[in-house]
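What follows is a single structure, written as structure tokens, with notes after it.
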Amino acid sequence: MNFSGKSFVNKKKYAWLKILLIPTILFGLIFALNAFSFQIKNSFQVLSFPIQKTFSFAGKSSSNWIGSFLNATNLSKENYNLKNENQKLLAALSILQSIQEGNQALSAISETCQDKNFTTIMAGITGLNNEDILTINKGSEDGIKEGMPVIDQYNVLYGKIFKVYKNFSQVMLISNKNNVVNVQTQKIISKEIESNIDTDDKTSTENIEENAEKIIFEAEKNVNGIVKGAGGLSIFLDLVPVDDKINNGEILITSCIDQNFPKDILVGRIIEIQKNDQKPFQQAQISPFFNLKSVKNLFVITDYKKDI
Amino acid sequence: MIWFWSIIIFPLFYFFAILQTSFLIYFNLFGSIPNLIFVLFFISIFYTPKNNYYFIIFVGLLAGIFLDIISISQFGISIILLIIIGLLIKKIQFLLKDNDNGYSLFYFLVIFLGSLLIYNLVLQNLSINLINSLIELVYSSVFAIFGFFIVKKVLKNRKSNKIF
């Protein structure tokens, strides 16, 4: 009886010891993990990079293969649309080239904003998590710093460098809930394409001047707003005054107000406007231009002029 | 069995972390990716005997470390959250009737969806995107159901409804 009572006391003692010891060890471990967080995360990425690369390649290939099956019925329609779009773009290209040569006014507009020249570092994608954070295989050793903008070869904005490790970096996509980008609508090209395709006989200098005037006029009407991340790779346009006119299909580019990104980087296309006269601002759903399924490499802008 | 599982679970978590962040990103549904690490954590906890607190802490710790590695957050948030969820799962299971065939898929799914929702809510400070979260829950539960049937098949030849 005495023995069992003693063992009961011992058991109780050990139970208390366990209750105290387990959280202490746990918090000690968490503290140690945080102290070496930089090295742990960096080592994980360095060790996993070859496997991640293989998995990423396999994922992209199989996704494209499955996608081609699913889209087989839409191929002819897509082909027709692409041909049409190509014709429009070719027409627009010739107009823009001639405008560029003769138009002095256009350069006056660009003087107000920064030069587009910047230097970049190419990086490969190694991962993505549920918080819309991309991982790229370039880090502080390659000259990457926090806050640097990330684009692709088509000048499409992906986001900015969020955290830099020795051999890799985390990119906060523009669809991340904490991301905000100053944008403006780009009406110049789309409107000019439409108006000039119909009048294909006009290619004279007179027409060029006319076009230039239109461009200046349209550029002044560009609407400014803010693109916010909604999570799940989606974004929306906000803070556009209710009196400003925006249309579905309009392209959004970064504006020169934004000091975090160079201007004129493609962001997305307006797909649905949500206007309420009782609210001072209108919102719109945006189809982002960034596409993780098709992108091969990303480019980190390391240096660009920030002056407005 | 538990020793075998304790050894194999580390490479499994590592494999799932890489699979989740590099392969499945190309199969995202409206931007949502299934949380495979959580699925593995849940299945391991679901089939652990009730009083095996050390194993629950161990699995929560491992899963938390991997989830924190692939996220932008500090180490510790997922670890503590998963250990608490793991202990809660066992408490809830204790209240449910443990029949001869083990737990039903219905119980499994309800507890899984509830615990993943709690995890996402706490991790994102209650400001989740409802549609994306729902898609993630459904997407993850597809993998969880798959895991449930695999474990059930393994247990078919055993008398116990616990994996360990």
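Protein chains in written order, with my numbering: chain F, 1 to 308; chain H, 309 to 472.
For every residue, glycine included, the Cβ atom is placed at its ideal position computed from N, Cα and C.
- prompt: Can you find a CB in chain H that lies within less than 8 Å of the CB of F/Ala58?
  reply: yes
*Taking any Cβ of chain H, which residues in the stretch 174-185 of chain F have a Cβ under 8 Å from it, in chain order?*
For the stretch 174-185 of chain F, the set of residues with a beta-carbon nearer than 8 Å to any beta-carbon of chain H comprises Ser175, Lys177, in chain order.
*Within chain F, the residues that H/Tyr427 reaches when beta carbons sit closer than 9 Å*: Correct list: empty, because the minimum Cβ distance to chain F is about 11 Å.
Practice prompt. Use the C-beta contact count for H/Gly455: other C-beta atoms within 10 angstroms, 16 or more gives buried, fewer gives exposed.
Written response: buried
- Item | F/Ile125 (DSSP reduced to helix, strand or coil) | Strand.
Label F/Pro50 either buried or exposed according to how many other C-beta atoms from any shown protein chain fall within 10 Å of its C-beta, with 16 as the threshold for buried.
exposed
_Where H/Leu404 falls: helix, strand or coil (DSSP)_ = coil
Secondary structure at F/Lys88, three-state DSSP: helix, strand or coil?
helix
>> Looking at the secondary structure, which residues open and close the beta strand (DSSP E) in which F/Asp303 lies?
In response: The continuous beta strand (DSSP E) containing F/Asp303 extends over residues 297-304.
Check your understanding: Given a limit of 8 Å on CB to CB distance, which residues of the stretch 333-348 of chain H reach chain F?
Key -> Ile333, Tyr334, Phe335, Asn336, Phe338, Gly339, Ser340, Ile341, Asn343
Q. Can you name the start and end residues of the beta strand (DSSP E) that F/Leu233 belongs to?
A. Note, F/Leu233: premise wrong, no beta strand (DSSP E); not H, not E.
Q | 6 Å CB neighbourhood of F/Pro149 in its chain, flanking five on each side removed | A | Lys160, Phe261, Ile301
**Asked** For F/Thr119, does the count of other Cβ atoms within 10 angstroms reach 16, so buried, or fall short, so exposed?
**Response** exposed
| request: Would you mind stating whether F/Val171 and F/Tyr158 have Cβ atoms separated by less than 8 Å? | output: It is a contact, given that the beta carbons lie within the stated cut-off.
| message | I need the straight-line Cα distance from H/Phe321 to F/Val180, nearest angstrom please. | response | 34 Å
Margin query: At the 8 Å Cβ level, is H/Thr329 part of the contact set with chain F, yes or no?
Written below: yes
Query raised in the report: If we call anything under 8 Å between Cβ atoms a contact, is F/Ile174 one with F/Gly225?
Result: no
Notebook entry, point to check: Since H/Gly336 and F/Leu233 are thought to touch, with beta carbons under 8 Å apart, how far apart are those beta carbons, to the nearest angstrom?
Noted result: At residue 336 of chain H the sequence reads Asn, which differs from the Gly that was named. About 7 Å separates the two Cβ atoms, so the contact holds.
Notebook entry, point to check: Is any beta-carbon of chain F found at less than 8 Å from that of H/Val450?
Noted result: Not one beta carbon of chain F lies nearer than 8 Å to the beta carbon of H/Val450.
- Task: Ignore the nearest five residues each way along the sequence and tell me which others in F/Lys293's own chain have a CB closer than 8 Å to its CB.
- Result: Scanning its chain for C-beta atoms nearer than 8 Å, with the 5 sequence neighbours on each side dropped, one finds around F/Lys293 the residues Lys60, Ser63, Asn64, Gly67, in chain order.
Does the beta carbon of F/Asn260 come closer than 8 Å to any beta carbon on chain H? no
- prompt: Can you list, in chain order, the residues of its chain whose CB lies under 8 Å from that of H/Leu348, leaving out five sequence neighbours each side?
  reply: Ile317, Leu320, Phe321, Phe324, Ala371, Gly455
task = Rounded to whole angstroms, what's the CA-CA distance from F/Glu250 to H/Leu424? Just pull it up for me.
result = 39 Å
Output needed in chain order: residues of the stretch 377-397 of chain H with a Cβ under 7 Å from some Cβ in chain F.
Ile377, Ile378, Ser379, Ile380, Gln382, Phe383, Gly384, Ile387
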